[in-house]
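Student:
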Ligand SMILES: [Zn+2]
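In this note's numbering, the protein residues as written are 5 to 319.
1) Do residue 57 and ligand 1 come close, with the Cβ less than 7 Å from some heavy atom?
2) Tell me where the alpha helix (DSSP H) around residue 166 begins and ends.
3) Given this structure, state the Cα-to-Cα distance separating residue 187 from residue 143, to the nearest angstrom.
4) Whole angstroms are fine: how far does the CA of residue 69 sit from the CA of residue 177?
5) With distances taken between CB atoms, is the gap from residue 289 to residue 249 smaller than 8 Å?
6) Taking just the CA atoms, how far does residue 145 sit from residue 57?
7) Under 6 Å Cβ to Cβ from residue 1, same chain only, skipping five residues before and after it: list those, please.
8) Find the nearest neighbour of residue 349 within the set 233, 218, 228, 185, judged by alpha-carbon distance.
9) According to DSSP, simplified to helix, strand and coil, what is residue 59?
10) Return the chain-ordered list of same chain residues with a C-beta closer than 6 Å to the C-beta of residue 208, the five sequence neighbours on each side being excluded.
11) Let's test the definition: count the other Cβ atoms within 10 Å of the Cβ of residue 54 and tell me whether it reaches 16, buried, or not, exposed.
12) Could you tell me which of 46, 285, 164 sits nearest to residue 151, measuring between CA atoms?
13) Could you tell me which residues DSSP pairs with residue 77 in its beta bridges?
14) Which residues bound the beta strand (DSSP E) around residue 253?
15) Just mark residue 282 as buried or exposed, buried being the case when its beta carbon has 16 or more other beta carbons within 10 Å.
16) Can you determine whether any heavy atom of ligand 1 sits closer than 7 Å to the C-beta of residue 164, and answer yes or no?
17) Apply the 10 Å Cβ neighbour rule to residue 119 and answer buried if 16 or more other Cβ atoms are within range, or exposed otherwise.
18) Decide yes or no for the touch test of the stretch 103-115 against the stretch 38-52: beta carbon pairs closer than 8 Å, at least 3 of them.
19) Terminal residues of the continuous beta strand (DSSP E) containing residue 115?
20) Alpha carbons only, please: which of 219, 121, 254 is nearest the one belonging to residue 38?
21) Ligand 2 and residue 153: does any heavy atom of the ligand fall closer than 7 Å to the residue's C-beta?
22) Under the three-state reduction of DSSP, which class applies to residue 32: helix, strand or coil?
23) Would you check if the stretch 216-235 and the stretch 152-161 touch, i.e. whether three or more CB-CB distances between them fall below 8 Å?
24) Using the beta-carbon count (16 or more within 10 Å), is residue 20 buried or exposed?
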C-alpha cells in the first residue's frame, strides 16, 4: 500500500568535505562547495499522525536506505526537471528528551539534501531559505500496517480493532511496517492555515486498469486484496451451490411426475436464480410427497429403529 506523509524542511546545513564527496557521487560533473545549496528535511518519524498511523522504528531504518539518492520534486511536478533536489545522506535520529504519544523514544528520519545553485533554482532556494517551501511530502509503499493493540495486520480478519479507538485506555494505531519502496518525496506549497496533514494519493486512476483485480493488486492494499480474495472464494462457492440446486431441481422435476421433459426443465431452469429454483424445488417435492406418502414415520425410540434393521428400510 502506498502512503504519503508530510513533514517540514529544516534549517540550512553547513557543508563539510565529507558531504561534498557524497554529493559528488550523484553529480555528473565535479561540484564544489559554492556550486550547491544544502539543507535538511525531516522526512518521517515514529509519532502518530492524523490518520492514527506511525512508522515503526525498523521502517525508518529501511526508509533511510531507500531514500538515499532519491530526487525530490516540487509540488508533485515531475515536469519541472531542472528544479530538483537530491538526498545525499540520511540519518535515523533519536531525541532522548522526547517521547511519542505511546511512550517510545521519538525517532525520525532526517535527510540531507542538495540543489544546484543555478539561476533556475534561485527562486526555490530563496523560498526554502525563507520558510515558504517547507512542507515535505513523502510517498512510499509499505507491506503492512500492524495493529498496535494485537500485533496483527490492521483491517485483516485477525484484528478486531479500529484505529483511533481506545481499548483498556490504550489508543489503537497502525504501525507502518516493511517499507518496500520510497517512490517520491516532494515539497508542497500548502498555505499554513490549510495544512491538510497527511495526504493519501493513488498514482493511477481506476480507469487505467483492465479489471478490479488488477487495480487492487497494483494498489497493494492488504485489506482490499483480502476482501477481493474472500469475494472470489464465496463467488465460486455460490456458483457451485447454484449449479447443484439447478441439477437437483431438474431431477426432482422429472421424478415428481410433473410431466415435464428433461430438455424442457433444463432449458427453463437454466438461468434461474436461487429464489426461483427453491420455489420449484418446493413444488416438485410437494408433488413427490403427494404421490408417494411416507410409509414409516421416523421414530426416535431406539426400539423402533432396531426393529427396522434388516427390514425393508435401514434407518
Ligand atoms: Zn488489532
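Even for Gly, the Cβ is constructed at its ideal location relative to N, Cα and C. Model, not experiment: these values are computed from the prediction.
Tutor: The structure says:
1) On the chain shown, residue 57 is found 53 positions in, with the first residue counted as 1. Incorrect: residue 57 has no Cβ contact closer than 7 Å to ligand 1.
2) Start at 1 with the first residue of the chain shown, and residue 166 comes out as number 162. Where residue 166 is concerned, there is no enclosing alpha helix (DSSP H), given that its DSSP letter is neither H nor E.
3) Along the chain shown, read from residue 1 onward, the residue named residue 187 stands at position 183. Along the chain shown, read from residue 1 onward, the residue named residue 143 stands at position 139. When rounded, the distance between both Cα atoms is 6 Å.
4) Within the chain shown, numbered from 1, the residue matching residue 177 stands at position 173. Within the chain shown, numbered from 1, the residue matching residue 69 stands at position 65. Each residue's Cα considered, the two are about 25 Å apart.
5) Reading the chain shown from its first residue, position 285 is the one you call residue 289. Reading the chain shown from its first residue, position 245 is the one you call residue 249. The answer is no: Cβ separation not under 8 Å.
6) For the purposes of this step, residue 57 is taken as residue 53 along the chain shown, with counting starting at 1. For the purposes of this step, residue 145 is taken as residue 141 along the chain shown, with counting starting at 1. Near 14 Å, if we compare the C-alpha coordinates of residue 145 and residue 57.
7) The chain is shown from 5 up to 319; residue 1 falls before or after that span and cannot be answered.
8) Lying before the first or after the last residue shown, residue 349 is absent from the chain, which here runs from 5 to 319.
9) As a first step, residue 59 must be located in the chain shown, where it is residue number 55. The answer is strand: DSSP assigns residue 59 an E or B state.
10) The residue labelled residue 208 in the question sits at position 204 within the chain shown. In this prediction, residue 208 has a pLDDT of 39, which is less than 50 and means its spatial position is unreliable; what the coordinates show is noted afterwards. Excluding positions up to five away in sequence, the list is empty.
11) Taking the first residue of the chain shown as position 1, residue 54 is located at position 50. With fewer than 16 other Cβ atoms inside 10 Å of its own Cβ, residue 54 counts as exposed.
12) The count along the chain shown starts at 1 and reaches residue 151 at position 147. The candidate whose alpha carbon is nearest that of residue 151 is 164.
13) Indexing the chain shown from 1 puts residue 77 at position 73. In the DSSP output, where bridge partners are listed per residue, residue 77 has 190.
14) By 1-based counting over the chain shown, the position of residue 253 is 249. Run containing residue 253: none in the beta strand (DSSP E); it sits in the alpha helix (DSSP H), 226-259.
15) Walking along the chain shown from the start, residue 282 turns up at place 278. Residue 282 should be labelled exposed.
16) Along the chain shown, read from residue 1 onward, the residue named residue 164 stands at position 160. Residue 164: yes, Cβ under 7 Å from ligand 1.
17) As a first step, residue 119 must be located in the chain shown, where it is residue number 115. With 16 or more other Cβ atoms within 10 Å, it is buried.
18) yes
19) For this step, residue 115 is matched to residue 111 along the chain shown. Per DSSP, residue 115 belongs to the beta strand (DSSP E) from 109-120.
20) The count along the chain shown starts at 1 and reaches residue 38 at position 34. Of the listed residues, the one whose Cα sits closest to residue 38 is 121.
21) Among the ligands present in this structure, namely ligand 1, ligand 2 is not found.
22) Sequence index remark: in the chain shown, residue 32 carries index 28 (1-based). Residue state, collapsed to three classes: coil.
23) yes
24) Residue numbering aside, residue 20 sits at position 16 when the chain shown is read from its first letter. Per the 10 Å Cβ criterion, exposed.
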